[in-house]
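So the sequences go chain by chain: P and F. Following our numbering from start to finish, the first sequence increments by one per residue and tops out at 79. Following our numbering from start to finish, the second sequence increments by one per residue and tops out at 830.
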Amino acid sequence: MACAMAPEEKVVVFGTIVEPLPNAIFRVSLENGHKILAHGSGSVRSTHLRLLAGDRVKIEVAPHDPTRGRIVERLK
Amino acid sequence: MITIKSESELGLMREAGRLLGDTLDQLEAAVRPGITTGEIDQLADKLIRQHGAIPGFLGYNGFPKSLCISVNEEVVHGIPGKREIKDGDLVSLDCGLILDGLWADSGRTVMVGNVSDEAKRLVEVTRESLDRGIEQAIPGNRVGDISAAVQRHVEANGFSVVRNFVGHGIGRNMHEEPQVPNFGVAGAGPLLRPGYALAIEPMVNAGSHEVQMLPDRWTIITADGRLSAYFEHTVLITDDGPVVATAA
Chain P
4 MACAMAPEEK VVVFGTIVEP LPNAIFRVSL ENGHKILAHG SGSVRSTHLR
54 LLAGDRVKIE VAPHDPTRGR IVERLK
Chain F
583 MITIKSESEL GLMREAGRLL GDTLDQLEAA VRPGITTGEI DQLADKLIRQ
633 HGAIPGFLGY NGFPKSLCIS VNEEVVHGIP GKREIKDGDL VSLDCGLILD
683 GLWADSGRTV MVGNVSDEAK RLVEVTRESL DRGIEQAIPG NRVGDISAAV
733 QRHVEANGFS VVRNFVGHGI GRNMHEEPQV PNFGVAGAGP LLRPGYALAI
783 EPMVNAGSHE VQMLPDRWTI ITADGRLSAY FEHTVLITDD GPVVATAA
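Encoded structure:
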């Protein structure tokens with residue numbers, strides 16, 4: 004009997020926004036030096052946070068595609 | 583945590599596997615046009631108990647029968663009932679039993695009478711993909727080597743592997759770690775060690791890999807309604823290579 008696939012665990016990383024791109028996507032430089040593309044999560048968007056270049060952010064990355072992520076929090 | 587089975591546990595799993603292989607052989611022989619899926623289930627239940635084993639699926643997470651039967655566009659976990667088998671059907675039998683506390687889990691797709699050429703090829707490729715996966719089940723390899731070997735063979739033949747359901751470790755429980763997907767990257771995932779036991783089970787769709795669950799909360803069907811096939815063995819990882827416990 005097959006086993007239901009467990010949802011993938013997300014990896015949480017920290018980085019700094021390098022530049023905002025169209026369609027609410029941001030280029031983010033991670034602490035480990037990698038650059039990835041990230042979009043804002045629902046809660047980050049709905050609180051009308053303006054994410055700007057230079058903001059430090061917390062990002063969730065799916066293990067199967069480490070080149071993209073979602074910004075879950077702006078850090079102060 | 584992935585459990586390492588002792589020599590005696592591995593011996594019992596071989597014994598359980600042999601019983602299950604025999605049982606599936608007899609079930610396969612019984613699948614013919616006119617028989618109902620419920621009758622095949624009753625036969626499975628009787629054979630398992632005759633061998634002194636326990637039908638593992640009966641009551642597992644509330645599953646009501648001793649055998650899963652999935653016909654044509656049904657992928658896995660079909661519940662036996664009044665459905666009558668017809669000429670040209672693809673009938674997937676999936677069975678598990680417990681002998682002295684240890685599990686064996688295995689299954690196969692049976693072609694009934696005159697099946698289409700596509701169905702034949704689908705069943706053949708699925709069976710071969712399981713063999714490709716089993717070849718990789720050796721100490722020092724990783725789970726991803728099994729996954730990638732299955733996926734490569736299936737996709738090279740133009741079919742797709744189901745993503746939402748996966749194979750699994752097996753032993754004193756049916757579902758143990760690790761998960762054994764039928765898709766993945768060679769060299770990734772947990773390292774295989776002697777004493778591991780895995781249920782490797784490619785579920786292969788003729789069309790898209792997308793699946794849906796029926797309202798009975800068990801039966802999984804292909805989202806596009808096209809055919810699906812499935813083969814499964816319980817495989818022991820040993821220093822001498824993979825041992826297929828559920829070989830008939």
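No residue lacks a Cβ here, since even glycine has one placed at the ideal position from N, Cα and C. Values in this document were obtained by computation on a predicted structure and should not be read as measured data.
From the options, residue whose alpha carbon lies closest to that of residue i
{"i": "F:A738", "options": "F:G753, F:A788 and F:F747", "result": "F:A788"}
{"i": "P:N35", "options": "P:C6, P:T70 and P:R77", "result": "P:T70"}
{"i": "F:P760", "options": "F:N746, F:P776, F:G769 and F:A781", "result": "F:A781"}
{"i": "F:R709", "options": "F:G689, F:L796, F:A770 and F:S790", "result": "F:G689"}
{"i": "F:D669", "options": "F:V694, F:I586 and F:L681", "result": "F:V694"}
{"i": "F:E655", "options": "F:A686, F:L704 and F:S729", "result": "F:L704"}
{"i": "F:G542", "options": "F:D627, F:E591, F:G603 and F:V673", "result": "The question about residue 542 of chain F has no answer here: the residues shown for chain F are numbered 583 through 830."}
{"i": "P:P25", "options": "P:V14, P:T19, P:V15 and P:L40", "result": "P:L40"}
{"i": "F:R745", "options": "F:G751, F:V725, F:G766 and F:I680", "result": "F:G766"}
{"i": "F:S652", "options": "F:V826, F:D822, F:I802 and F:H815", "result": "F:I802"}
{"i": "F:E700", "options": "F:V732, F:F741, F:L675 and F:H735", "result": "F:F741"}
{"i": "P:R77", "options": "P:A9, P:M4 and P:G45", "result": "P:G45"}
{"i": "P:A5", "options": "F:G620, F:K628, F:E758 and F:L681", "result": "F:E758"}
{"i": "F:A827", "options": "F:G771, F:L681 and F:T804", "result": "F:L681"}
{"i": "F:A527", "options": "F:Q794, F:F639 and F:H750", "result": "Absent from the model: residue 527 of chain F. The displayed extent of chain F is 583 to 830, so no value can be given."}
{"i": "F:P797", "options": "F:V692, F:G777 and F:H659", "result": "F:H659"}
{"i": "F:N643", "options": "F:N755, F:Y812, F:R665 and F:V793", "result": "F:N755"}
{"i": "F:S790", "options": "F:W800, F:V736 and F:E589", "result": "F:V736"}
{"i": "F:V748", "options": "F:L679, F:K664, F:G603 and F:H815", "result": "F:H815"}
{"i": "F:E589", "options": "F:D821, F:L609, F:D822 and F:G777", "result": "F:G777"}
{"i": "F:N696", "options": "F:I667, F:L679, F:G722 and F:D713", "result": "F:I667"}
{"i": "P:G18", "options": "P:M8, P:H67 and P:F29", "result": "P:F29"}
{"i": "P:G72", "options": "P:A9, P:K79 and P:K13", "result": "P:K13"}
{"i": "F:Q794", "options": "F:R665, F:V657 and F:A768", "result": "F:V657"}
{"i": "P:A7", "options": "F:D822, F:D821, F:F813 and F:R799", "result": "F:R799"}
{"i": "F:K664", "options": "F:G593, F:A768, F:D623 and F:Q608", "result": "F:D623"}
{"i": "F:Y812", "options": "F:K702, F:S698 and F:A612", "result": "F:K702"}
{"i": "F:A768", "options": "F:T585, F:T804 and F:R724", "result": "F:R724"}
{"i": "F:D822", "options": "F:V743, F:A730 and F:E717", "result": "F:E717"}
{"i": "P:A27", "options": "P:R53, P:H67, P:K79 and P:G57", "result": "P:R53"}
{"i": "F:D687", "options": "F:G638, F:A612, F:T804 and F:L592", "result": "F:G638"}
According to DSSP, residues forming a beta bridge with residue i
{"i": "F:D676", "result": "F:C650 and F:G689"}
{"i": "F:Y812", "result": "F:M785"}
{"i": "P:G18", "result": "P:L33 and P:V60"}
{"i": "P:R77", "result": "P:V60"}
{"i": "F:T804", "result": "F:V793"}
{"i": "F:E666", "result": "F:T618"}
{"i": "F:I819", "result": "F:P824"}
{"i": "P:P23", "result": "P:F29"}
{"i": "P:G72", "result": "P:A41 and P:V64"}
{"i": "F:L780", "result": "F:G751 and F:V817"}
{"i": "F:L773", "result": "F:R724"}
{"i": "P:A5", "result": "In the DSSP output, where bridge partners are listed per residue, P:A5 has none listed."}
For residue j and residue i, believed in contact at Cβ under 8 Å, the rounded distance
{"i": "F:K647", "j": "F:I661", "result": "6 Å"}
{"i": "F:P824", "j": "F:S711", "result": "Their Cβ separation, rounded to whole angstroms, is 15 Å, which puts F:P824 and F:S711 out of contact at 8 Å."}
{"i": "F:V707", "j": "F:V786", "result": "7 Å"}
{"i": "F:C677", "j": "F:L625", "result": "In fact, because the Cβ distance is near 11 Å, the residues do not count as touching under 8 Å."}
{"i": "F:L649", "j": "F:L684", "result": "Between F:L684 and F:L649 the Cβ distance is about 19 Å, and since that is not below 8 Å, they are no contact."}
{"i": "F:G715", "j": "F:G771", "result": "With 8 Å as the limit, F:G715 and F:G771 do not qualify as a contact, their Cβ atoms being about 13 Å apart."}
{"i": "P:H37", "j": "P:I74", "result": "Not a contact, Cβ separation roughly 15 Å."}
{"i": "F:R775", "j": "F:I819", "result": "7 Å"}
{"i": "F:A829", "j": "F:G603", "result": "6 Å"}
{"i": "P:S32", "j": "P:V21", "result": "5 Å"}
{"i": "F:E610", "j": "F:V692", "result": "5 Å"}
{"i": "F:K587", "j": "F:G722", "result": "Contact flag wrong, Cβ pair sits at about 18 Å."}
{"i": "F:I636", "j": "F:L679", "result": "6 Å"}
heavy atom of the ligand MG below 8 Å from residue i C-beta
{"i": "F:W800", "result": "Ligands in the displayed structure: none, and consequently the ligand MG is not present."}
### Message
If we require 4 or more residues per run, which alpha helix (DSSP H) segments fall completely within the stretch 26-70 of chain P?
### Response
45-49
### Query
Considering only residues of the stretch 681-769 of chain F, which uninterrupted beta strand (DSSP E) runs meet the minimum length of 3 residues and lie entirely inside it, listed in chain order?
684-693, 747-751 and 758-762
### Task
Report the residue ranges of all beta strand (DSSP E) runs contained in full by the stretch 607-658 of chain F; include only those spanning at least 3 residues, in chain order.
As far as the stretch 607-658 of chain F is concerned, its whole beta strand (DSSP E) runs of at least 3 residues are 649-653 and 656-658.
#### Entry: Contact the stretch 62-77 of chain P vs the stretch 587-602 of chain F: 3+ CB pairs below 8 Å
no
### Message
Across the stretch 794-810 of chain F and the stretch 759-773 of chain F, are there enough close Cβ pairs to call them in contact, namely three or more that are closer than 8 Å?
### Response
no
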